[in-house]
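Taken in order, these protein sequences are the chains called P and B. Mapped onto this note's numbering, the consecutive letters of the first sequence carry residue numbers 0 to 288. Mapped onto this note's numbering, the consecutive letters of the second sequence carry residue numbers 0 to 288. We put the beta carbon where it would ideally sit given N, CA and C, even for glycine. Everything numeric in this text was worked out from a predicted model, so none of it was measured.
Protein chains: 2
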Amino acid sequence: MLAVDFGGTKVEAALVVGDRIIDGTRTRRPTGPDRSAAELDAAVTEVVRGALGTATVTRVGIGTAGPVDTVRGLASPLNTPGWRDHPFRDLVATLVPGADIVLAIDGLAITLAEHRYGAGRGSDNVLGMVVSTGIGGGLVIDGRGISGANGNAGHVGHIQVSGYDDPCACGRRGCVEATASGPNSVRWAQSQGWEGSTGEELAASSDPRARAAIERSARAVGLAIASASALVDLDIVAIGGGFSRSAPDYLDLVRTAADEGFPFVRATHIVPAALGDEAPLIGAALLAG
Amino acid sequence: MLAVDFGGTKVEAALVVGDRIIDGTRTRRPTGPDRSAAELDAAVTEVVRGALGTATVTRVGIGTAGPVDTVRGLASPLNTPGWRDHPFRDLVATLVPGADIVLAIDGLAITLAEHRYGAGRGSDNVLGMVVSTGIGGGLVIDGRGISGANGNAGHVGHIQVSGYDDPCACGRRGCVEATASGPNSVRWAQSQGWEGSTGEELAASSDPRARAAIERSARAVGLAIASASALVDLDIVAIGGGFSRSAPDYLDLVRTAADEGFPFVRATHIVPAALGDEAPLIGAALLAG
Chain P
0 MLAVDFGGTK VEAALVVGDR IIDGTRTRRP TGPDRSAAEL DAAVTEVVRG ALGTATVTRV
60 GIGTAGPVDT VRGLASPLNT PGWRDHPFRD LVATLVPGAD IVLAIDGLAI TLAEHRYGAG
120 RGSDNVLGMV VSTGIGGGLV IDGRGISGAN GNAGHVGHIQ VSGYDDPCAC GRRGCVEATA
180 SGPNSVRWAQ SQGWEGSTGE ELAASSDPRA RAAIERSARA VGLAIASASA LVDLDIVAIG
240 GGFSRSAPDY LDLVRTAADE GFPFVRATHI VPAALGDEAP LIGAALLAG
Chain B
0 MLAVDFGGTK VEAALVVGDR IIDGTRTRRP TGPDRSAAEL DAAVTEVVRG ALGTATVTRV
60 GIGTAGPVDT VRGLASPLNT PGWRDHPFRD LVATLVPGAD IVLAIDGLAI TLAEHRYGAG
120 RGSDNVLGMV VSTGIGGGLV IDGRGISGAN GNAGHVGHIQ VSGYDDPCAC GRRGCVEATA
180 SGPNSVRWAQ SQGWEGSTGE ELAASSDPRA RAAIERSARA VGLAIASASA LVDLDIVAIG
240 GGFSRSAPDY LDLVRTAADE GFPFVRATHI VPAALGDEAP LIGAALLAG
């Protein structure tokens with residue numbers, strides 16, 4: 000099984016069997032907001048060829064930053080403007096002729112991995128969530144990975160939160176991603192006079208404005224989780240991503256904010272993701288069956 | 000098929016075949032916030048007996064205001080405090096011994112009906128939404144009615160909206176129900192100095208403060224729909240309920256507010272529900288198969 004994971008800063012591919020990445024196949028290239036469509040295509044081509052080597056595969060799973068159009072196999076990753084409605088599935092088809100190829104958002108891939116092998120095992124209603132450069136996610140509901148009309152189910156970062164109205168790259172205001180992602184938390188801390196410039200510095204800082212930015216992020220994430228659970232009645236939210244580890248009590252702060260509503264919403268368990276940085280590739284392989 | 004629909008102001012039952020209520024079987028009793036558990040039980044007993052008459056049924060579908068616990072068959076309707084974790088399914092089982100009984104939130108019932116017979120026909124990703132005394136809903140995603148961990152999927156009224164922080168009966172602030180329901184819109188208009196007291200008066204009023212309350216409601220509903228569509232990628236939102244008809248352009252105002260985000264969110268079609276006040280009973284019958 001060939002797994003491909005395309006994100007805002009890098010694209011990776013590997014051969015995957017179950018929850019195991021085959022030694023020596025994992026291949027990575029940078030992506031990023033300044034790359035042209037041709038450069039992004041070249042990066043994908045290189046990682047697919049690097050992962051395949053001389054192997055032959057009949058199935059390929061692609062997880063990509065969204066939005067997507069899974070009906071037509073297109074990707075428009077928010078943080079790589081070089082690709083808009085880009086025929087990602089067809090590109091991979093030219094590299095792996097004859098294979099069955101499934102494309103989905105990366106958040107769904109991660110959630111399938113956590114559901115099968117990680118923090119969501121044993122539950123039928125799981126939100127996998129990544130709090131990092133952006134805020135993404137995916138849904139398993141009633142035991143099944145959820146796609147929605149165009150494959151975009153899981154964009155939890157674009158749920159609004161009450162009490163915030165930060166402008167969001169999606170065009171709205173008050174989305175949890177606009178409020179709570181790493182870079183947006185840094186921006187907010189800077190607006191309060193803090194002088195650092197990265198999420199890592201924010202996490203390490205003893206400045207109360209840095210702490211306030213982390214608390215603000217965690218609160219917004221908790222409020223968004225409560226809205227998501229009101230809408231789809233979640234058992235488990237598995238949170239990963241670097242910024243979710245920006246303070247030892249980050250998840251406690253998230254839980255406090257999520258616990259203000261109905262008993263069924265408060266019953267949602269908020270836990271750390273279990274699989275780490277292999278989850279996107281392991282999950283991409285699950286997409287393909 | 001016996002269908003039961005329990006809400007904050009009334010409980011109804013009827014015999015239903017497909018999308019047709021059998022003549023003469025529809026029976027109604029009042030419920031309400033002041034009734035005791037025994038009074039609510041009596042109302043249910045009367046409508047079930049009235050609808051059944053001398054008929055025998057093997058399947059019963061119950062739609063109820065939520066929250067619910069469908070694993071245990073319990074209902075805790077927000078607006079009838081007489082019932083908390085009340086064994087609604089078991090109550091009906093004593094009235095219809097031996098029948099297969101399915102209990103779910105009323106919003107899911109309505110959505111199944113709109114999906115099968117109404118405004119959601121032909122789509123696999125539908126949010127049914129009622130804007131009335133409260134704001135409720137249900138979800139069909141990837142062609143299936145969605146339950147979630149405890150049967151509470153569809154509580155769209157308890158998604159937060161940015162820019163509002165009205166206190167909500169669920170315990171949170173800024174939920175769309177707290178901002179945009181009929182009674183809460185009336186309350187907001189009154190806080191601005193408007194002197195009427197019902198949603199009907201608000202709809203009929205030429206006072207600009209009444210119009211502002213309706214615009215505020217529609218905007219909050221649109222923002223909540225956009226968050227819901229970000230999370231589950233909806234094709235169609237079918238909106239019913241009296242307050243959604245409080246102005247001829249209410250749905251246009253909803254659409255304007257919903258159309259600020261991603262293209263896939265803007266692609267969500269917002270339409271009037273098609274089935275009217277029979278939808279809860281027709282949908283309750285669909286719950287039972």
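- Taking a Cβ-Cβ threshold of 8 Å, the residues of chain P close to residue 66/B are 261, 262, 263, in chain order.
- For residue 179/P, no chain B residue has a C-beta closer than 9 Å to its own C-beta; the minimum C-beta separation is roughly 13 Å.
- Using a Cβ-Cβ cut-off of 8 Å, residue 116/B does not count as an interface residue toward chain P, since no Cβ of chain P sits closer than that to its own.
- Going by DSSP, residue 109/B is part of the alpha helix (DSSP H) stretching over 105-116.
- Taking C-alpha positions only, residue 173/B is separated from residue 242/B by approximately 19 Å.
- Approximately 5 Å separates the beta-carbon atoms of residue 236/B and residue 269/B; this is inside 8 Å, confirming the contact.
- Close to chain B, meaning a Cβ-Cβ distance shorter than 8 Å, are the following residues of the stretch 133-153 of chain P: 138, 140, 141, 143, 145, 146, 147, 148, 149, 150, 151, 152, 153.
- Taking 8 Å as the CB threshold, residue 161/B lines the interface with chain P.
- Close to residue 22/B, with beta-carbon spacing below 8 Å, lies no residue of chain P; the smallest spacing is near 36 Å.
- Close partners of residue 233/B in chain P (Cβ separation under 8 Å): 147, 148.
- For residue 213/P, the enclosing alpha helix (DSSP H) covers residues 207-231.
- Residue 121/P and residue 113/P have their C-alpha atoms some 10 Å from each other.
- Of all residues in the stretch 210-234 of chain P, those with a C-beta nearer than 9 Å to a C-beta of chain B are 222, 223, 225, 226, 227, 228, 229, 230, 231, 232, 233, 234, reading in chain order.
- Comparing alpha carbon positions, the residue from 143/P, 228/P, 226/P closest to residue 111/P is 143/P.
- Taken through DSSP and simplified to helix, strand or coil, residue 21/B comes out as coil.
- Against chain B, the beta carbon of residue 183/P has no neighbour under 7 Å; the closest one sits roughly 14 Å away.
- Proximity of residue 164/P to chain B, defined by a Cβ-Cβ separation below 8 Å, is satisfied.
- Counting of Cβ neighbours within 10 angstroms places residue 2/B among the buried residues, the total reaching 16 or more.
- Nearest to residue 287/B by alpha-carbon distance, out of 188/B, 247/B, 107/B, is 107/B.
- Between residue 221/P and residue 40/B, the alpha-carbon positions lie close to 37 Å from each other.
- For residue 124/B, the nearest CB of chain P lies under 8 Å from its own CB, placing it at the interface with that chain.
- In the DSSP annotation of this structure, the continuous segment of the beta strand (DSSP E) that includes residue 28/B starts and ends at 26-29.
- Under the three-state reduction of DSSP output, residue 261/P falls in the coil class, being neither helix nor strand.
- Three or more Cβ pairs closer than 8 Å define a contact, and the stretch 122-134 of chain B falls short of that threshold against the stretch 128-142 of chain P.
- For residue 3/P, the enclosing beta strand (DSSP E) starts and ends at 1-5.
- Residue 157/B belongs to the set of residues whose beta carbon lies under 8 Å from a beta carbon in chain P.
- Neighbours of residue 172/P in chain B, taken as residues whose beta carbon is under 7 Å from its own, are 161 in chain order.
- DSSP places residue 199/P inside the alpha helix (DSSP H), whose first and last residues are 198-203.
- Runs of the beta strand (DSSP E) lying entirely within the stretch 120-195 of chain P, each at least 3 residues long, are 125-130, 134-140 in chain order.
- Ranking 67/P, 203/P, 137/P by CA distance to the CA of residue 233/P puts 137/P first.
- Annotation: the continuous beta strand (DSSP E) that includes residue 13/B extends over 9-16.
- Considering only 21/B, 195/B, 4/B, 74/B, the residue with the shortest C-alpha distance to residue 262/P is 74/B.
- The DSSP-derived three-state label of residue 74/B is strand.
- By the criterion of at least three beta-carbon pairs nearer than 8 Å, the stretch 76-90 of chain P is in contact with the stretch 53-67 of chain P.
- For residue 58/B, the enclosing beta strand (DSSP E) begins and ends at 58-63.
- For residue 285/P, the three-state secondary structure derived from DSSP is helix.
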